[in-house]
Structure formats: C-alpha cells, structure tokens
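Here is the structure we will look at, set down as structure tokens.
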Amino acid sequence: MIIYAVGMGISIAATAMVSRRVGEKNFEEAGSITLQLIVTGVVLALLMGGVATYFGADTLALMGATPAIIATGTTYAQITFAGNIAIIMLFLINGAFRSAGQPHLAMCALWLSNGANNILDPLLIFGIGSIEGLEGAAWATTTG
C-alpha cells in the first residue's frame, strides 16, 4: 500500500506540474519536469523495492501471516516488491500523458498492461517451464 501510495503521489505531482506547463505552452519545461519525475520515481522505486524485497518475509509476518503462508508467499512478495518500478512508472507516465493532453496514450498503456496480465496470468499460474503457481502469478502481474 505504501509503494502504491508513493506511486500515486508522484503521478498526482506529474499531472499538476506538467498540465500547468502545457497550459502555459511551455512544452520544454513540461518535458524537463516529466524527466525529473521519472528519475525521482525510479530512484524511489529502487529504494523501496530493495528494502521491501529484502524484508519480504518479515513484512508478511508483520501482517500476521502464519509460518505456512510466509513460506508460500515470500517469493510472491519478493517478486512483486522487486518489480514495483513497473507500477510506479505506469502511474507516473500515465499521469504525464493525461496532463499533456494525450489521455488516449495513457488508456492504451493501461489496455496493453491489463491485456498482458490477462494473457500471462493463466499461462504462468498453470506453468511454463519452472514458473508456476503463486510465483507465476507474481511474474505475470509484474510483467503486465
């Protein structure tokens, strides 16, 4: 939840700052702000993802998971925590697209993401190679 909240917060910042610059017809500054927000998002995602991945099992334990759930869910948690950069970038880039007057690009990105997730989930949950089950769900969601 914290990682998603940070992603949404950065997305809101992108929307506000970029839309103001686009409204002023200052497209160069809008691009500069977008780049700065992308760099900020990547840095925050790597920091949060690294810490959360390292403490994946501890995070599940803090939420009250039983030892059996921790054993089963740690890999899922670590994959999704490590892949949080995709979520942060999806929020951020969609906010920038919408604020720049290109909402159709944001919508297409979400269609592509959800479509990939819908295709990959059953494939990876039921197994391709050594990836299956909960680990497959994590990879499908992160990839999508």
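Residue numbers (this note's numbering): 3 to 146. No residue lacks a Cβ here, since even glycine has one placed at the ideal position from N, Cα and C.
Classify residue i: buried if its beta carbon has 16 or more other beta carbons within 10 angstroms, exposed otherwise.
i	result
Y78	buried
F83	buried
L126	buried
T68	exposed
W141	buried
N96	buried
I2	Because the chain spans 3 through 146 in this model, residue 2 falls outside it and cannot be assessed.
G129	exposed
Name the DSSP bridge partner or partners of residue i?
i	result
I133	I130
I need the DSSP call for residue i, collapsed to helix, strand or coil.
i	result
G75	helix
G11	helix
A16	helix
E30	helix
I68	In the sequence as displayed, the identity of residue 68 is Thr instead of Ile. Note: T68 maps to coil in three-state DSSP.
V50	A small correction: the amino acid at residue 50 is Met; Val does not occupy that position in the sequence shown. Helix at M50.
M109	helix
For the alpha helix (DSSP H) holding residue i, just list the boundary residues, first then last.
i	result
G97	86-101
G146	Where G146 is concerned, there is no enclosing alpha helix (DSSP H), given that its DSSP letter is neither H nor E.
Segment contact, 8 Å Cβ cut-off, at least three pairs: the segment 41-49 with the segment 5-22: yes
Any 3 or more C-beta pairs closer than 8 Å across the segment 99-111 and the segment 15-25: yes
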